[in-house]
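Single-structure report; data block below.
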Amino acid sequence: MASRPNIVIFNDTHGWHSRQLVDALARYNITAILADLADCTIDLDTKNGLAIPGLNNSLPDAIIVRGIAPGTLEQITLRMDILHTLAELNVPVFNTAKAIEHTVDKARTSLRLHLAGINTPKTWACESINKAHDIAAQQFKQGHTLVLKPLFGCQGKGIEKITSLAELKQQAPIGDAFYLQQYITPLTPNQWQDWRILVIDGKVIASMSRHSKHWITNFAQGADCLAAAINDDMAALAINATKAVNAAYAGVDIIQTQNGDYTVLEVNSVPAWKGLHQATRIDIADQLAQAMARRITPSDITEHAQY
Ligand SMILES: Nc1ncnc2c1ncn2[C@@H]1O[C@H](COP(=O)(O)OP(=O)(O)O)[C@@H](O)[C@H]1O
Ligand SMILES: [Mg+2]
């Protein structure tokens, strides 16, 4: 009998999300190995060129990337080399290095969405401070407010609303990169809301609305999260946005504009799901485990499935 399939969960710290996945994978008779991409070695003295802790130079049946720690350009390059190589060795990687590259950098996501014809707010990204100021001056003249976001931001951290050139001049953007986006004014003054929609393998699995008295509505920033039914337009937008960044699964943030249209704020290819789980009671880890099980060769699944 073949050995039980194993899946590596990559993260730099393994907490609640890893534990949820370990338990869910176990229900499909899949062993989870917890590892950190930073601890892997590129080793041309091995057949596959990769040494992943806990695997004794063999390859896993699949990989799920749950987090990549911040690092130098060189460190991140090595970690992405490992993910790219695993995919080239036909190991299912969930999400792939390509999808992660398309989403970890907000400018890249904006470009992917724009080029795929998917609604997303008008956005500019540049290095030149003069150019950023020119763009902002134009936008303020037209009556728009702007949002300045860190290129690699998450959980609503480091985002600033900018209403004047004087305010922009006080900002020192992280990494000297300006990512400026038109601010979407809430439909009801001072009541902010957006939606987080989780898509797995082309289907909406769970959705919630996030409400706050503050304009940044992330769960991590204390917004109230409620299970929410979404309409077909929102579902299509989330599914298409996920496809546009080549993600197999993603958490898509959608907001409604003054004219009633929906627009994509961002796509997360390594989304947290604690808030979504609490709001909807949907077993998201189980849905991810099922998606992982589908990626393991059919004979493995038939041989090992408990259901
Ligand atoms: N252009 C925008 N207009 C209005 N609100 C925004 C805009 N961009 C971001 N926000 C608010 O800030 C939150 C975080 O922004 P987001 O782009 O999703 O970055 P993060 O990766 O930090 O979650 C959004 O959920 C939304 O509440
Ligand atoms: Mg977000």
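Under numbering that gives the first Met the number 0, the sequence shown has 125 at position 126, and the numbering climbs by one with no breaks.
For each residue, glycine too, the CB sits at the ideal point set by N, CA and C.
Residues near residue i in its chain [Cβ-Cβ closer than 7 Å; skip 5 each side]
{"i": "Asn267", "result": "Thr102, Ala249 and Gly250"}
{"i": "Gln19", "result": "Ala284"}
{"i": "Asp80", "result": "Ile41"}
{"i": "Lys97", "result": "Asn245"}
{"i": "Thr108", "result": "His101, Thr102, Val244, Glu265 and Val266"}
{"i": "Asp260", "result": "Asn118"}
Below-8 Å beta-carbon distance, residue i vs any chain C residue
{"i": "Arg195", "result": "The structure shown contains no chain C; it is built from a single protein chain."}
CB contact flag (residue i, residue j, <8 Å)
{"i": "Leu167", "j": "Ile158", "result": "no"}
{"i": "Ile295", "j": "Pro52", "result": "no"}
{"i": "Gln192", "j": "Lys148", "result": "no"}
{"i": "Val244", "j": "Arg111", "result": "yes"}
{"i": "Asp42", "j": "Leu49", "result": "yes"}
{"i": "Ile253", "j": "Thr241", "result": "no"}
{"i": "Leu82", "j": "Asn47", "result": "no"}
{"i": "Ile229", "j": "Ile196", "result": "yes"}
{"i": "Gln286", "j": "Ile199", "result": "yes"}
{"i": "Val21", "j": "Ala34", "result": "no"}
{"i": "Thr45", "j": "Asn56", "result": "yes"}
{"i": "Lys105", "j": "Gly152", "result": "yes"}
{"i": "Ser208", "j": "Leu225", "result": "yes"}
{"i": "Gln137", "j": "Leu145", "result": "no"}
{"i": "His113", "j": "Leu164", "result": "no"}
Simplified DSSP assignment, three categories, for residue i
{"i": "Asp223", "result": "strand"}
{"i": "Phe9", "result": "strand"}
{"i": "Leu186", "result": "coil"}
{"i": "Glu265", "result": "strand"}
{"i": "Gly250", "result": "strand"}
{"i": "Ser307", "result": "Look at the range of the chain in this structure, 0 to 306, and you will see that residue 307 is not part of it."}
{"i": "Lys156", "result": "coil"}
{"i": "Asp193", "result": "strand"}
{"i": "Lys148", "result": "coil"}
{"i": "Leu33", "result": "strand"}
{"i": "Thr122", "result": "strand"}
{"i": "Lys202", "result": "strand"}
{"i": "Ala176", "result": "coil"}
{"i": "Ile62", "result": "strand"}
{"i": "Ile161", "result": "strand"}
{"i": "Thr108", "result": "helix"}
{"i": "Val244", "result": "coil"}
{"i": "Thr40", "result": "strand"}
{"i": "Leu49", "result": "strand"}
{"i": "Val90", "result": "coil"}
{"i": "Gln255", "result": "strand"}
{"i": "Glu302", "result": "With a pLDDT of only 46 at Glu302, under 50, the local geometry of the prediction cannot be trusted, and no value is derived from it."}
{"i": "Gln181", "result": "strand"}
Among the options, nearest to residue i - alpha-carbon criterion
{"i": "Val64", "options": "Ala86, Arg107 and Asn47", "result": "Ala86"}
{"i": "Ala124", "options": "Ala135, Ile204, Gln190 and Asn118", "result": "Ala135"}
{"i": "Leu36", "options": "Asp252, Leu145, Ile8 and Ala288", "result": "Ile8"}
{"i": "Ala234", "options": "His143, Gly201, Glu265 and Lys212", "result": "Gly201"}
{"i": "Ala288", "options": "His13, Ala25 and Asn10", "result": "Ala25"}
{"i": "Tyr182", "options": "Ile229, Thr119, Leu197 and His210", "result": "Thr119"}
{"i": "Ile128", "options": "Asp175, Ala227, Asp231 and Thr30", "result": "Asp175"}
{"i": "Ser387", "options": "Gln255, Gln190, Asp22 and Asp60", "result": "For residue 387 there is no data in the structure shown, the boundaries of the chain being 0 and 306."}
{"i": "Thr187", "options": "Lys212, Val198, Ala292 and Ala68", "result": "Lys212"}
{"i": "Gln257", "options": "Thr184, Leu225, Asn189 and Ala290", "result": "Thr184"}
{"i": "Val293", "options": "Asn28, Trp194 and Leu54", "result": "One point to set straight first is that residue 293 is Arg, not Val, in the sequence displayed. Closest option to Arg293, Cα to Cα, is Asn28."}
{"i": "Met291", "options": "Asn10, Ile62 and His13", "result": "Ile62"}
{"i": "Ala115", "options": "Lys140, Ala237 and Asn189", "result": "Ala237"}
6 Å CB neighbourhood of residue i in its chain, flanking five on each side removed
{"i": "Pro270", "result": "Gly250"}
{"i": "Ile173", "result": "Pro149"}
{"i": "Asp223", "result": "His210"}
{"i": "Trp272", "result": "Ile283"}
Cβ-Cβ separation, residue j to residue i (assumed contact under 8 Å), whole Å
{"i": "Gly142", "j": "Phe218", "result": "31 Å between Cβ atoms; not a contact."}
{"i": "Gly155", "j": "Ile215", "result": "4 Å"}
{"i": "Ala247", "j": "Asn94", "result": "6 Å"}
Residues of its chain near residue i, where Cβ-Cβ distance is below 8 Å and the 5 sequence neighbours each way are ignored
{"i": "Thr301", "result": "Summary for Thr301: the model assigns pLDDT 46, below 50, so the residue's position carries little reliability; its value from the coordinates is reported in the next sentence. So no residue of the chain qualifies."}
{"i": "Trp15", "result": "Lys273"}
{"i": "Gln170", "result": "Leu147, Glu159 and Ile161"}
{"i": "Gln305", "result": "Reliability of the predicted coordinates at Gln305 is poor, the pLDDT of 42 falling under 50, and no value is obtained from them."}
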